[in-house]
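What follows is a set of notes on a single structure, which appears directly below.
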Amino acid sequence: MNKRVYLDYSATTPVKKEVLDAMYPYFDEKFGNASSIYSYGREAKQAIDLGRQNVARLIGAQADEIYFTAGGSEADNWAIKGIAYANKEKGNHIITTKIEHHAVLHVCEYLEKNGFEVTYLDVDEDGLIDLEDLKKAITDQTILISIMFANNEIGTIQPIEEIGKIAKENKIYFHTDAVQALGNVEIDVKKLNIDLMSVSAHKIYGPKGIGALYIKKGVKIHSFIHGGAQEKRRRAGTENTSGIIGFGKACELALENMDNHIEKLIKLREKLINGIIEKIDYVRINGHREKRLPGNANIVFEFIEGESLLLSLDLVGIAGSSGSACTSGSLDPSHVLMAIGLPHEIAHGSLRLTIGDFTTEEDIDYVLEQLPKIVERLRQMSPLYENVKGGQK
Amino acid sequence: MNKRVYLDYSATTPVKKEVLDAMYPYFDEKFGNASSIYSYGREAKQAIDLGRQNVARLIGAQADEIYFTAGGSEADNWAIKGIAYANKEKGNHIITTKIEHHAVLHVCEYLEKNGFEVTYLDVDEDGLIDLEDLKKAITDQTILISIMFANNEIGTIQPIEEIGKIAKENKIYFHTDAVQALGNVEIDVKKLNIDLMSVSAHKIYGPKGIGALYIKKGVKIHSFIHGGAQEKRRRAGTENTSGIIGFGKACELALENMDNHIEKLIKLREKLINGIIEKIDYVRINGHREKRLPGNANIVFEFIEGESLLLSLDLVGIAGSSGSACTSGSLDPSHVLMAIGLPHEIAHGSLRLTIGDFTTEEDIDYVLEQLPKIVERLRQMSPLYENVKGGQK
Amino acid sequence: MYTEKVMDHFTNPRNVGEIENADGVGQVGNAKCGDIMKIYLKVENDIIEDVKFKTFGCGSAIASSSIATEMIKGKSIKDAIKVTNKAVVEALEGLPPQKIHCSVLAEQAIKSALYDYAQKHNIQLEGLEDFDPNEDHHHDEEAE
Amino acid sequence: MYTEKVMDHFTNPRNVGEIENADGVGQVGNAKCGDIMKIYLKVENDIIEDVKFKTFGCGSAIASSSIATEMIKGKSIKDAIKVTNKAVVEALEGLPPQKIHCSVLAEQAIKSALYDYAQKHNIQLEGLEDFDPNEDHHHDEEAE
Ligand SMILES: Cc1ncc(COP(=O)(O)O)c(C=O)c1O
Ligand SMILES: Cc1ncc(COP(=O)(O)O)c(C=O)c1O
Chain W
1 MNKRVYLDYS
11 ATTPVKKEVL
21 DAMYPYFDEK
31 FGNASSIYSY
41 GREAKQAIDL
51 GRQNVARLIG
61 AQADEIYFTA
71 GGSEADNWAI
81 KGIAYANKEK
91 GNHIITTKIE
101 HHAVLHVCEY
111 LEKNGFEVTY
121 LDVDEDGLID
131 LEDLKKAITD
141 QTILISIMFA
151 NNEIGTIQPI
161 EEIGKIAKEN
171 KIYFHTDAVQ
181 ALGNVEIDVK
191 KLNIDLMSVS
201 AHKIYGPKGI
211 GALYIKKGVK
221 IHSFIHGGAQ
231 EKRRRAGTEN
241 TSGIIGFGKA
251 CELALENMDN
261 HIEKLIKLRE
271 KLINGIIEKI
281 DYVRINGHRE
291 KRLPGNANIV
301 FEFIEGESLL
311 LSLDLVGIAG
321 SSGSACTSGS
331 LDPSHVLMAI
341 GLPHEIAHGS
351 LRLTIGDFTT
361 EEDIDYVLEQ
371 LPKIVERLRQ
381 MSPLYENVKG
391 GQK
Chain G
1001 MNKRVYLDYS
1011 ATTPVKKEVL
1021 DAMYPYFDEK
1031 FGNASSIYSY
1041 GREAKQAIDL
1051 GRQNVARLIG
1061 AQADEIYFTA
1071 GGSEADNWAI
1081 KGIAYANKEK
1091 GNHIITTKIE
1101 HHAVLHVCEY
1111 LEKNGFEVTY
1121 LDVDEDGLID
1131 LEDLKKAITD
1141 QTILISIMFA
1151 NNEIGTIQPI
1161 EEIGKIAKEN
1171 KIYFHTDAVQ
1181 ALGNVEIDVK
1191 KLNIDLMSVS
1201 AHKIYGPKGI
1211 GALYIKKGVK
1221 IHSFIHGGAQ
1231 EKRRRAGTEN
1241 TSGIIGFGKA
1251 CELALENMDN
1261 HIEKLIKLRE
1271 KLINGIIEKI
1281 DYVRINGHRE
1291 KRLPGNANIV
1301 FEFIEGESLL
1311 LSLDLVGIAG
1321 SSGSACTSGS
1331 LDPSHVLMAI
1341 GLPHEIAHGS
1351 LRLTIGDFTT
1361 EEDIDYVLEQ
1371 LPKIVERLRQ
1381 MSPLYENVKG
1391 GQK
Chain Z
2001 MYTEKVMDHF
2011 TNPRNVGEIE
2021 NADGVGQVGN
2031 AKCGDIMKIY
2041 LKVENDIIED
2051 VKFKTFGCGS
2061 AIASSSIATE
2071 MIKGKSIKDA
2081 IKVTNKAVVE
2091 ALEGLPPQKI
2101 HCSVLAEQAI
2111 KSALYDYAQK
2121 HNIQLEGLED
2131 FDPNEDHHHD
2141 EEAE
Chain V
3001 MYTEKVMDHF
3011 TNPRNVGEIE
3021 NADGVGQVGN
3031 AKCGDIMKIY
3041 LKVENDIIED
3051 VKFKTFGCGS
3061 AIASSSIATE
3071 MIKGKSIKDA
3081 IKVTNKAVVE
3091 ALEGLPPQKI
3101 HCSVLAEQAI
3111 KSALYDYAQK
3121 HNIQLEGLED
3131 FDPNEDHHHD
3141 EEAE
């Protein structure tokens, strides 16, 4: 295999050179424990403060509202369990959607087994929730609304500002999983009335194993990892200094490049989607056509199954994904594609190609050259396609 | 400041060159998401498997009993909350000690507020628990014994094998926080009858932000971070590939060097302790004299306060700690020093110097040259010392 | 994730296609679960003279179908009936645990085609007495 | 963590020591809480002619004592009584939040020494009417 085209930026991104350069000194040279008072510790502390400011700036928060975690999943777990247990005297009802990431869904399911009630809102065929549904779902027991900013599979962006307004009017905490949105959409937590927000570094060219939870000042939440006094006593564990400085640098770059980044990604995405529609029959584009992440293309190729498509692409050096990365070991079709109403057999044939900062026009050309051949070959093998050609469809 | 002598290896360690070299490729070149099926993902998966084997080998576990976490604190939280909630039908009683790390103590306190009962065992003046106390504390409600392998402040090593035997005989899960013991003591989880064990990479020359929980096969435990299917569905979150490979490398080095490492550290520690006893009056050595971590020296200098001692040492380039690193922001004297029976005023004057692989004879000589001067200067300023000289003590 | 053998059969599947006026055709699995296998047989004198397949499914489903057709081509019906999913897995030099069901599907597809052949020719085949072509042999444990 | 001013007074503390036959001596804090300040005064004609201190405590406790002695040396008793903990913090160009209590201790140590002076000389000092030398002004919020 010679050419390698990576189109799975929503699964994870390479660490950018500038980010790595910022991180390196903190492994061996400036390795001190940030909680220590001596000079080794102070170096680390300063790096962490800087990282915190950079993350805060990208989302319009204050630095002391950023709490570092091990990633998006921990942030989601913390936000939801932390709010649930800290506010259970007020109520036991949580509202979320059917298309959340598993880091939200599985936490909600866990809470359901432990005395909480959860409403999972439906979405329409584009993946959007209905604001009226949300309003109707609210009861006097509702303590938390957790709705993702942008979906990791189909890219659809929710009406976050309106949701924030509804939450605020009803005095309910609003958490959003912005792991996919960060760096790809302008986010101002104050303007959007967001109380808690999960983010993760490795989706925006930062390192893996570091993320953050934004917690608005005054929000009543339990700690999730108890122990040492780090993160203002709210999240224990020796600070991952290099991770934090790297995350901060990635946020700084994202803020600087935001407009260019979005413009470039949309252009390549449209080229990809339009090329596919033009060259291949029986395809469907999933997710909202405009309200979507700039780099996300999610396409169903009828009559073929996603894994064999991915494998075939891999053999010609193209990396994509089918369903979300963390569930691709599973046999079930994606809960997101089910929720937007795709029949099972069609949901099995979905391909997610996500574009990032290192994607080129040539990469897209290469995909548009390879993909039609692969789809055709797999369809020729498929007993379902046979029926179509025979007019039985 | 010219000379810099780092004697706080128990707080954190620099990442070794070999470890860094192993990590680097996984930031940008081999950055794939380990859960993906394409070749980028497979590279990451292989690295993670290798890391897991290396960690397992150091502690005598099987690779599939190792679950990666964000560090020691998460591992402690997971072990204790996970066992508590998964076994609450069986009982609601947990046994631990008064000298655990806060990542254990604060979790226990949290559980006490949520329907669990916790016995905090006393320790003797050397920091050792009494096995008879442990046996007496067991009730038919006891579901977990959580006793640290080696103490982070005073270095005392508990009789883990005996504790494991007692736990096994009584069919109670046994968790040990081995964050400080890893790499510094031979550990064989099978021989020691350990069911769960917390470890952290940054204490053994690996990176910060990665640790692991050993969970023996068959142990009934809840997940702590819910979400994606990583870590056999038990710990969600995109795998921190570079962290895992780095942790694995650090474990590999620790295993190779164990004997030399221990011998060298003990030699330097004894030089340090004996030198201090010889040159300075009114000092006490805390912790058990033999059953202690090879690199740990914990000394009380009467009549002076720990922070001013640390600051003074820092000014001549020596980094030590007073109390444990993560609580050094606090005004209270260490709970560990209280538990071994030191009076408050004496506990305030403790200094922990911890030796590591990069410590030299010259470093110890330098400390033995500087420390007496500093202690004398601070004592001259102390109204408590005045009384001693005046014979009022 | 996959063995070289699986990848070989995935990238160069043997015996893909249809047989017109086949003596036996069997189809198992369903699109809902993500895999369908269809096997066509040409039988002469109790010998499987030709076999073709079409599969909608993952890489291991395609490889399982491909190797299964190789395993029965030229064999007697009696021997073909004896091909188990275990033999398919072994021939592929292993499958990941979550993909074992693909080999089960391949075994069932062969049986299903032979069953069809037996029905059409009104004969009884030893080893197929209990075979129910309409049973869903796929995802038995999962109970969707 | 500390300002340069704090570090300066910590490394080169002014007026360390004792005064024999001092006109006033005040001691506040206790070893249990980790800091004790003792201040000695030499007073002549209502002017603080000399002042010395001894402190057991952290860096900011030592710095607070040191700068407090500087702030009252040569001052009238009336002015010395007016030295607040806030003034001490400002003179040090700031203290970390968890160290503010050190400046409170310094203020109280001055007051305590002046109170002792007043007692010994049987006079009343304006501003010290409510002062209770035995009250523990330290860790008020913490209630150990
Ligand atoms: C005994 C002990 N347990 C737990 C921890 C917490 O580990 P981490 O900082 O990796 O979360 C530490 C160190 O800080 C420790 O010394
Ligand atoms: C929407 C969303 N939420 C949460 C996560 C989990 O983030 P992490 O892998 O950093 O734990 C991801 C990515 O995996 C995601 O896409």
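Chains as they are written, first to last, in our numbering: chain W, 1 to 393; chain G, 1001 to 1393; chain Z, 2001 to 2144; chain V, 3001 to 3144.
Just so you know, even glycine gets a beta-carbon here, dropped at the ideal spot from N, CA and C.
Here the structure is a predicted model, which is why all the values come from computation and not from measurement.
Per-residue DSSP class, three states only, for residue i
i, result
"V:Q3108", "helix"
"Z:S2065", "helix"
"G:Q1158", "coil"
"G:T1013", "coil"
"Z:L2125", "coil"
"G:S1146", "strand"
"G:Q1141", "coil"
"W:H459", "As displayed, chain W neither begins before 1 nor continues past 393, which places residue 459 of chain W out of reach and without an answer."
"G:E1029", "coil"
"G:T1327", "Residue placement at G:T1327 is poorly supported in this model, since its pLDDT is 40, which falls under 50; the coordinates are not used for a value here."
"G:L1351", "strand"
"V:N3030", "strand"
beta-carbon residue i near ligand 1 non-hydrogen atom, thresh 7 Å
i, result
"V:A3106", "no"
"G:N1152", "yes"
"G:Q1158", "no"
"G:H1101", "yes"
"G:G1071", "yes"
"W:H106", "no"
"W:G227", "yes"
"W:T238", "yes"
Neighbour flag for residue i against chain Z, beta carbons, 8 Å
i, result
"W:L371", "no"
"W:S321", "no"
"W:M381", "yes"
Any C-beta of chain G under 8 Å from that of residue i
i, result
"V:D3008", "no"
"W:Y385", "no"
"W:T12", "yes"
"W:H175", "no"
Any chain W beta carbon closer than 8 Å to residue i
i, result
"Z:P2013", "yes"
"G:N1033", "yes"
"G:Y1110", "yes"
"G:V1107", "yes"
"G:N1087", "no"
Residue i at chain V interface by Cβ criterion, 8 Å
i, result
"G:H1344", "yes"
"G:T1348", "Note that residue 1348 of chain G is His in the sequence shown here, rather than Thr. It does; some Cβ of chain V falls within 8 Å."
"G:M1197", "no"
"G:S980", "There is simply no residue 980 of chain G to check, as chain G begins at 1001 and stops at 1393 in what is shown."
heavy atom of ligand 2 below 7 Å from residue i C-beta
i, result
"W:A212", "no"
"G:A1086", "no"
"G:S1223", "no"
Anything in the region 3100-3132 of chain V with a Cβ closer than 7 Å to a Cβ of chain G? List those residues in chain order, please.
none
What residues from the region 303-316 of chain W come within 9 Å of chain Z, judged by C-beta to C-beta, listed N to C?
F303, I304, E305, G306, E307, S308, L310, L311, S312 and L315
Report the residues of the region 238-258 of chain W with a CB closer than 8 Å to any CB of chain G, ordered along the chain.
T238, E239, N240, T241, S242 and G243
Using a beta-carbon distance cut-off of less than 9 Å, what residues from the region 2015-2033 of chain Z approach chain W?
V2016, G2017, E2018, Q2027, N2030, A2031, K2032 and C2033
Which residues, taken in chain order from the region 1205-1224 of chain G, show a beta carbon closer than 9 Å to some beta carbon of chain W?
P1207, K1208, G1209, I1210, G1211, H1222, S1223 and F1224
Scan the region 1145-1168 of chain G for residues whose Cβ lies nearer than 8 Å to a Cβ of chain V and list them as they occur along the chain.
none
Taking a Cβ distance cut-off of 9 Å, strictly less, list which residues of the region 3034-3052 of chain V are near chain G, in chain order.
G3034, D3035, I3036, M3037 and K3038
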